[in-house]
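Enquirer: Just add 13 to wherever you are in the sequence shown, counting from 1, and you've got my numbering. Glycine residues also receive a C-beta, built at the ideal position from the N, C-alpha and C atoms.
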Amino acid sequence: MGNILIFVAIALLAAILIKLFISGGSNDSQALIDINNKITEMKINQLEGLNQSMKEQQAAFGVIIKTVNENLSRTQGNINEQLGSAGATMGDVQKKLGALAETTKNIQKIGEDISSLQDILQAPKLRGNLGEFMLEDLLKNLGASNYAMKYSFSDGTQVDSIIKLGEKIVPIDSKFPLESFKRLMLAPDDDEKKKCKKEFVRSVKERIDEIADKYINPDEGTFDFALMYIPAENVFYEVIINDSFAHDYEIAEYAMKKHVVPVSPNSFHAYIMAIVYGLKGFRIEKQAATILGELTKIQDQFAKFYLNFTLVGKHISNAYSKYDETQRRAEKLNEKISKLTLEHNELPDETEYIEKIPDGGNSAAPAD
14 MGNILIFVAI ALLAAILIKL FISGGSNDSQ ALIDINNKIT EMKINQLEGL NQSMKEQQAA
74 FGVIIKTVNE NLSRTQGNIN EQLGSAGATM GDVQKKLGAL AETTKNIQKI GEDISSLQDI
134 LQAPKLRGNL GEFMLEDLLK NLGASNYAMK YSFSDGTQVD SIIKLGEKIV PIDSKFPLES
194 FKRLMLAPDD DEKKKCKKEF VRSVKERIDE IADKYINPDE GTFDFALMYI PAENVFYEVI
254 INDSFAHDYE IAEYAMKKHV VPVSPNSFHA YIMAIVYGLK GFRIEKQAAT ILGELTKIQD
314 QFAKFYLNFT LVGKHISNAY SKYDETQRRA EKLNEKISKL TLEHNELPDE TEYIEKIPDG
374 GNSAAPAD
């Protein structure tokens, strides 16, 4: 704005000079001097105004710059703090990503191991060995003296394991139809699944028949039932729980008719607990039988004692009767002697005679 005023003053001065130059005259010199003085005064005033305005603007700029600097400092602090927090977060994220990568490697390794195990278990004999191993691990809860693995009957038939319950045994078979179950699970549609279901049920019933025919043998000391151990819960579900097909397909009822009880790793624990309590019951019953035998002996001895005691009582009663009878006779004899003494005054005094009578009246009394 100051530059504009200076430009206007210079233009005005130039116009006046041009006018004076054209008009001429001595009086004009004084006018020029006055104009010059006015211009100088105007310039001084303008410079003072500009200087004051610049001071005010400089002060305002100083306040603005101070405010901007303060805001920048706060912003820089916030940015530094956020950068520090972001750095810590990134470090934590990197650690977690590293742990996740390690976990992923472990999962991949487990997947490879499971795949290898599945390949190994394709052999039916190895699957059977695994089932027997799992069964033995559960049976260890009973104690080594209460079960046996690979038990052989007298005819050479061998069952996977047995549980000893008192004087009898409970046979357990651990084989299961995994191949037919896999075909059932992989069936692409309902028709194929129904067909595979029939095959699976047939396979399970064949196992039930085999267990009932080969292992339930009371002549060999078995109970009239056996356990069919199914080492996979999903197979057990299809055998016992799943009733999505016709009623004729149900296996549990068929197994019960054959006195075969299907059990899984989870349900087998409950059966083991029941058998443990059964073993305790048998021990208590055996101890009770022993105690009853001892009580019977004591009763026999007491009967003999009571018989002797009764006999002694009879002897004592008979002796007392004899004593009482003898005492009455002695009293009668004493009365007769007293009468004779009074009559003759020659016999000893009554008291002296009584004292000479033997104690207990055991001497024979004279007949009346």
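With a threshold of 8 angstroms on Cβ separation, who are the neighbours of S158 within its own chain once the five nearest residues in sequence on each side are excluded?
Expert: Position 145 of the sequence shown, counted from the first residue, corresponds to residue 158. Listed in chain order, the non-local C-beta contacts of S158 below 8 angstroms within the same chain comprise K177, local neighbours out to five positions each way being set aside.
Enquirer: Rounded to whole angstroms, how far is the Cβ of M147 from the Cβ of P278, which I believe are closer than 8 angstroms?
Expert: Residue mapping note: residue 147 aligns to position 134 of the sequence shown, counting from 1. Residue mapping note: residue 278 aligns to position 265 of the sequence shown, counting from 1. Going by Cβ atoms, the distance from M147 to P278 rounds to 7 angstroms, so yes, they are a contact pair.
Enquirer: Counting pairs of beta carbons, one from the stretch 208-228 and one from the stretch 269-289, are three or more of them closer than 8 angstroms?
Expert: Three or more pairs of CB atoms, one per stretch, sit closer than 8 angstroms, so the stretch 208-228 contacts the stretch 269-289.
Enquirer: Are T235 and I182 close, meaning C-beta to C-beta below 7 angstroms?
Expert: Here residue 235 refers to the residue found at position 222 of the sequence shown. Here residue 182 refers to the residue found at position 169 of the sequence shown. The answer is yes: Cβ separation under 7 angstroms.
Enquirer: Here's the rule I'm using: 16 or more other beta-carbon atoms within 10 Å means buried, otherwise exposed. How should L355 be labelled?
Expert: The residue you call residue 355 lines up with position 342 of the sequence shown. When all chains shown are included, L355 counts as exposed.
Enquirer: Rounded to whole angstroms, how far is the Cβ of I185 from the Cβ of L240, which I believe are closer than 8 angstroms?
Expert: Your numbering for residue 185 matches position 172 in the sequence shown. Your numbering for residue 240 matches position 227 in the sequence shown. Rounded, the Cβ-Cβ distance is 4 angstroms, consistent with contact.
Enquirer: Tell me which residues share the same chain as F295 and place their Cβ nearer than 8 angstroms to its Cβ, disregarding the 5 neighbours each side in the sequence.
Expert: Position 282 of the sequence shown, counted from the start, is the residue given in the question as residue 295. L178 and G179.
Enquirer: Check the DSSP bridge columns for I182 and list the partner residues they point to.
Expert: Against the sequence shown, residue 182 aligns to sequence position 169. DSSP output for I182 lists K177 and T235 as bridge partner(s).
Enquirer: Taking only the alpha-carbon atoms, compute the straight-line gap between F166 and A316 and give it to the nearest angstrom.
Expert: In the sequence shown, the residue the question calls residue 166 occupies position 153. In the sequence shown, the residue the question calls residue 316 occupies position 303. Between F166 and A316, the C-alpha separation is close to 47 angstroms.
Enquirer: Once DSSP output is grouped into helix, strand and coil, what is the label at S187?
Expert: Reading the sequence shown from its first residue, position 174 is the one you call residue 187. Three-state result, S187: coil.
Enquirer: What is the rounded straight-line gap between the Cα of Y250 and the Cα of V214?
Expert: By one-based count along the sequence shown, residue 250 stands at place 237. By one-based count along the sequence shown, residue 214 stands at place 201. Each residue's Cα considered, the two are about 13 angstroms apart.
Enquirer: In the DSSP output, which residue or residues are listed as bridge partners for P278?
Expert: What you label residue 278 is simply residue 265 of the sequence shown in a count that begins at 1. According to DSSP, P278 bridges with nothing at all.
Enquirer: Buried or exposed: which applies to R341, given that a residue is buried once 16 or more other Cβ atoms fall within 10 Å of its Cβ?
Expert: In the sequence shown, the residue the question calls residue 341 occupies position 328. With fewer than 16 Cβ atoms within 10 Å of its Cβ, R341 is classed as exposed.
Enquirer: For D132, which of helix, strand or coil comes out of DSSP?
Expert: Counting from one through the sequence shown, the residue named residue 132 turns up at place 119. Reliability of the predicted coordinates at D132 is poor, the pLDDT of 46 falling under 50, and the value obtained from them is presented with this limitation in mind. It is helical.
Enquirer: In whole angstroms, what separates the C-alpha of E233 from that of E263?
Expert: Working through the sequence shown from its first residue, we reach residue 233 at position 220. Working through the sequence shown from its first residue, we reach residue 263 at position 250. Spanning the two alpha carbons is a distance of roughly 31 angstroms.
Enquirer: Compare the beta carbon distance of P275 and I253 with 7 angstroms and say whether it is the shorter of the two.
Expert: Looking up residue 275 in the sequence shown gives position 262. Looking up residue 253 in the sequence shown gives position 240. Taking 7 angstroms as the Cβ cut-off, P275 and I253 qualify as a contacting pair.
Enquirer: Leaving aside the five residues before and after F238 along the sequence, list all residues of the same chain whose C-beta is less than 8 angstroms from its C-beta, in chain order.
Expert: Translated into the one-based positions of the sequence shown, residue 238 becomes position 225. Cβ within range, chain order: V183, I229, H272, V273 and V274.
Enquirer: Residues in the same chain with beta-carbon distance under 6 angstroms from E457, minus the five sequence neighbours each way, listed in chain order, please.
Expert: A query on residue 457 cannot be resolved here, the shown segment of the chain reaching from 14 to 381 and no further.
Enquirer: Can you name, in chain order, every residue of its own chain whose Cβ lies under 7 angstroms from the Cβ of T170, other than the five neighbours on each side?
Expert: Here residue 170 refers to the residue found at position 157 of the sequence shown. The answer, listed in chain order, is K227.
Enquirer: From D47, S187 and V217, pick the residue whose C-alpha is nearest to that of I243; which is it?
Expert: Taking the sequence shown and counting its residues from 1, one reaches residue 243 at position 230. Among D47, S187 and V217, the Cα nearest to that of I243 belongs to S187.
Enquirer: When you compare the CB positions of V172 and P190, do they come within less than 7 angstroms of one another, or not?
Expert: Sequence index remark: in the sequence shown, residue 172 carries index 159 (1-based). Sequence index remark: in the sequence shown, residue 190 carries index 177 (1-based). Against a cut-off of 7 angstroms, the Cβ pair of P190 and V172 comes out as no contact.
Enquirer: Might you give, ordered along the chain, the residues of its own chain that have their beta carbon closer than 7 angstroms to the beta carbon of P231, omitting 5 neighbours on each side?
Expert: Indexing the sequence shown from 1 puts residue 231 at position 218. Same-chain partners within the cutoff: D237.
Enquirer: Mapping DSSP to helix, strand and coil, what is H163?
Expert: In the sequence shown, residue 163 corresponds to position 150, counting from 1. The question names His, but residue 163 in the sequence shown is Lys. If DSSP states are grouped into helix, strand and coil, K163 belongs with the strands.
Enquirer: Between the C-alpha atoms of Q300 and N321, what's the straight-line distance to the nearest angstrom?
Expert: Locating residue 300 in the sequence shown gives position 287, counting from the first residue. Locating residue 321 in the sequence shown gives position 308, counting from the first residue. Approximately 31 angstroms between the Cα atoms of the pair.
Enquirer: List the endpoints of the continuous alpha helix (DSSP H) containing I224.
Expert: Looking up residue 224 in the sequence shown gives position 211. Here the alpha helix (DSSP H) through I224 covers D203 to Y228.
Enquirer: Does DSSP put S376 in a helix, a strand or coil?
Expert: On the sequence shown, position 363 is the one that residue 376 refers to. Low confidence applies to S376: its pLDDT is 45, below 50, so where it sits in the model is not reliable, and the reading given next is rough at best. DSSP places S376 in coil when its eight states are reduced to three.
Enquirer: In chain order, what residues of the same chain have a beta carbon less than 6 angstroms from the beta carbon of Y164, not counting five sequence neighbours either side?
Expert: As a first step, residue 164 is located in the sequence shown; it is residue number 151 there, counting from the start. Hits under 6 angstroms: V172 and I175.
Enquirer: Could you give the distance in angstroms between the alpha-carbon of E69 and the alpha-carbon of A101?
Expert: Your numbering for residue 69 matches position 56 in the sequence shown. Your numbering for residue 101 matches position 88 in the sequence shown. Cα-Cα distance, rounded: 48 angstroms.
Enquirer: To the nearest angstrom, report how far apart N58 and N49 are at their CA atoms.
Expert: Position 45 of the sequence shown holds residue 58. Position 36 of the sequence shown holds residue 49. Their Cα atoms are separated by approximately 14 angstroms.
Enquirer: Taking the C-alpha atoms as reference points, what is the distance between E83 and V76?
Expert: Reading the sequence shown from its first residue, position 70 is the one you call residue 83. Reading the sequence shown from its first residue, position 63 is the one you call residue 76. The alpha-carbon atoms of E83 and V76 are separated by roughly 11 angstroms.
Enquirer: Give me the Cα-Cα distance between Q65 and K51, rounded to the nearest whole angstrom.
Expert: Here residue 65 corresponds to residue number 52 of the sequence shown, with the count starting at 1. Here residue 51 corresponds to residue number 38 of the sequence shown, with the count starting at 1. Taking the straight line from one Cα to the other gives about 21 angstroms.
Enquirer: Going by the DSSP bridge assignment, what does Y319 pair with across the sheet?
Expert: Looking up residue 319 in the sequence shown gives position 306. Partner(s): none; Y319 has no beta bridge.
Enquirer: When DSSP labels each residue in this structure, what does L199 get in the three-state scheme?
Expert: As a first step, residue 199 is located in the sequence shown; it is residue number 186 there, counting from the start. L199: coil per DSSP, three-state reduction.
Enquirer: Buried or exposed: which applies to I120, given that a residue is buried once 16 or more other Cβ atoms fall within 10 Å of its Cβ?
Expert: Locating residue 120 in the sequence shown gives position 107, where the first residue counts as 1. With fewer than 16 other Cβ atoms within 10 Å, it is exposed.
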